[in-house]
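S.K.: Below you'll find the structure I mean.
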Amino acid sequence: MKPLVKINLQHHTCIVECGTRPEMTDYLAVGRYQVANRVYNDGLREGGVTILSYDKQECTLNVVAAVETSGTLDVKWISLATDDEWDAPQQSFLVADATGGIQLYRFKPFEIQKRIHHQVASANALILMLYIAPTFSTKRVYSSVSDGRISVLDLTNDLIPIWSTKAHEYEAWCVSGDGENLVYSGGDDAMLYGWDLRSGSSTFRNKSHLMGVTYILPHPSQTHPHILMTGSYDEYLRIFDVRKPSTPLYEEVLLEGGGVWKLKPNKLENDTYRVLAACMHAGVTVFDVDSDLNVIKGDQVYKGHKSFVYGVDWYGDEGGVSCAFEDNSVHVWTLDREE
0 MKPLVKINLQ
10 HHTCIVECGT
20 RPEMTDYLAV
30 GRYQVANRVY
40 NDGLREGGVT
50 ILSYDKQECT
60 LNVVAAVETS
70 GTLDVKWISL
80 ATDDEWDAPQ
90 QSFLVADATG
100 GIQLYRFKPF
110 EIQKRIHHQV
120 ASANALILML
130 YIAPTFSTKR
140 VYSSVSDGRI
150 SVLDLTNDLI
160 PIWSTKAHEY
170 EAWCVSGDGE
180 NLVYSGGDDA
190 MLYGWDLRSG
200 SSTFRNKSHL
210 MGVTYILPHP
220 SQTHPHILMT
230 GSYDEYLRIF
240 DVRKPSTPLY
250 EEVLLEGGGV
260 WKLKPNKLEN
270 DTYRVLAACM
280 HAGVTVFDVD
290 SDLNVIKGDQ
300 VYKGHKSFVY
310 GVDWYGDEGG
320 VSCAFEDNSV
330 HVWTLDREE
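No gaps in the numbering here: position 251 of the sequence shown is 250 in numbering that gives the first Met the number 0, and each next residue is one more.
Now the structure itself:
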């Protein structure tokens, strides 16, 4: 992987997401989170969201807007009907903050407007992850919390909660769902759970992971609605069929020396997907999953960061962006060309 450009920001960087509307793909939302000096601020959490603009011609990253929060652990761009009400390009995004809240903002160059705030958990809890199913009839937001709870909220109704439960003994690192009735969660207790909103109860519990479950990726294709890919601190990539969840279909170390923190898919052809993986202290790697769920690992690894890589996203089909926590930086890079 070839580095192109990088930028350092004020706080630790833990998430980076490229805009998803066609006119917004050159804008990057970066979540910042840091605990301030305990001596002077008694452990005050601080951070926010910085919007960067990537200029492909000049190969530069520039700060174009920012908003300060109690600290931002996750950011998700979303497309709402109200984003089409104005002539200027714009897109809304959700923020998971460090004092138990979820916030909805709208960004239009070069301004950020706050629209909604909903308190999901106590002010001592961190919202660790947000998930929005890529296909759904109603816009539902899934959230996981540092106190082990997971929630489902209705985005079309001012983030009103639909369902919530205490899912994990420790941090609920990740959550996802099918946009309808099924919810999946993973936590620091090394447990993977399935949940059904209709009954409100657990449908399965899996103990395959040796350490905390850090990411759950439902297979992006509609031909595999029962398939999940998971990441873990234990460095393994696993694939599960939730109809028979007791044993993984696939289980192998993805990249030695780094836990699998985040997975980002990008469709190729013939129902094959290329997936970027943020592997913490081992960097960023990429692998393919074909239509038969075979995993084809490559040898491409990006090691340009100096600390744990927590955020990664695609920029187009042949490039990516990533951020690392303690070096406070965002990098843009390209994949090596296949011969």
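Beta carbons: idealized from backbone N, C-alpha and C, even for Gly.
Would you tell me roughly how many angstroms separate the C-alpha atoms of His330 and Val4, rounded to the nearest one?
M.R.: For the purposes of this step, residue 330 is taken as the residue at position 331 of the sequence shown. For the purposes of this step, residue 4 is taken as the residue at position 5 of the sequence shown. Using only the alpha carbons, I get a separation of about 6 Å.
S.K.: Under the three-state reduction of DSSP, which class applies to Leu43: helix, strand or coil?
M.R.: The residue you call residue 43 lines up with position 44 of the sequence shown. Here Leu43 sits in coil by DSSP.
S.K.: Around the Cβ of His11, are there at least 16 other Cβ atoms within 10 angstroms (buried) or fewer (exposed)?
M.R.: Counting from one through the sequence shown, the residue named residue 11 turns up at place 12. So His11 counts as buried.
S.K.: Pick from Leu334, Ala171, Gln118 and Lys305: whose alpha carbon is nearest that of Gly211?
M.R.: For the purposes of this step, residue 211 is identified with residue 212 of the sequence shown, where counting begins at 1. Checked all of Leu334, Ala171, Gln118 and Lys305; the closest Cα to Gly211 is Ala171.
S.K.: Just curious, the beta strand (DSSP E) that Trp200 is in, first and last residue?
M.R.: In the sequence shown, counting from the first residue as 1, residue 200 sits at position 201. A small correction: the amino acid at residue 200 is Ser; Trp does not occupy that position in the sequence shown. Ser200 to Asn205 is the span of the beta strand (DSSP E), which, as asked, contains Ser200.
S.K.: By Cβ distance, which residues of its chain are closer than 6 Å to Val182, with the 5 residues on each side in sequence left out?
M.R.: In the sequence shown, counting from the first residue as 1, residue 182 sits at position 183. So the qualifying residues of the chain are Gly176 and Trp194.
S.K.: Can you check the stretch 221-259 for any beta strand (DSSP E) of at least 3 residues that lies completely inside it and give the ranges in chain order?
M.R.: Runs of the beta strand (DSSP E) inside the stretch 221-259: 226-231, 235-240 and 249-252.
S.K.: Taking the C-alpha atoms as reference points, what is the distance between Asn293 and Asn265?
M.R.: Within the sequence shown, the letter at position 294 stands for residue 293. Within the sequence shown, the letter at position 266 stands for residue 265. Taking the straight line from one Cα to the other gives about 16 Å.
S.K.: Using three-state DSSP, classify Ala80 as helix, strand or coil.
M.R.: On the sequence shown, position 81 is the one that residue 80 refers to. Helix, per DSSP.
S.K.: With Cys173 as the anchor, note down where its beta strand (DSSP E) starts and where it stops.
M.R.: Against the sequence shown, residue 173 aligns to sequence position 174. Cys173 -> beta strand (DSSP E) spans Cys173 to Gly176.
S.K.: Using the rule of at least 16 other Cβ atoms within 10 Å of the residue's Cβ for burial, across every protein chain shown, is Cys278 buried or exposed?
M.R.: Start at 1 with the first residue of the sequence shown, and residue 278 comes out as number 279. Under this definition Cys278 is a buried residue.
S.K.: Can you tell me the Cα-Cα spacing of Ile6 and Leu196, whole angstroms?
M.R.: Your numbering for residue 6 matches position 7 in the sequence shown. Your numbering for residue 196 matches position 197 in the sequence shown. Going from the Cα of Ile6 to the Cα of Leu196 covers about 42 Å.
S.K.: On the DSSP bridge list, what partners appear for Asp335?
M.R.: Start at 1 with the first residue of the sequence shown, and residue 335 comes out as number 336. Answer by DSSP bridge pairing: none, since Asp335 is not bridged.
S.K.: Who are the Cβ neighbours of Ile159 in its own chain at under 7 Å, not counting the five residues just before and after it?
M.R.: Indexing the sequence shown from 1 puts residue 159 at position 160. Only Leu152 and Asp153 meet the Cβ criterion.
S.K.: Look at the alpha carbon of Ile115 and the alpha carbon of Ile295, and state the distance between them as a whole number of angstroms.
M.R.: Working through the sequence shown from its first residue, we reach residue 115 at position 116. Working through the sequence shown from its first residue, we reach residue 295 at position 296. Taking the straight line joining both Cα atoms gives about 42 Å.
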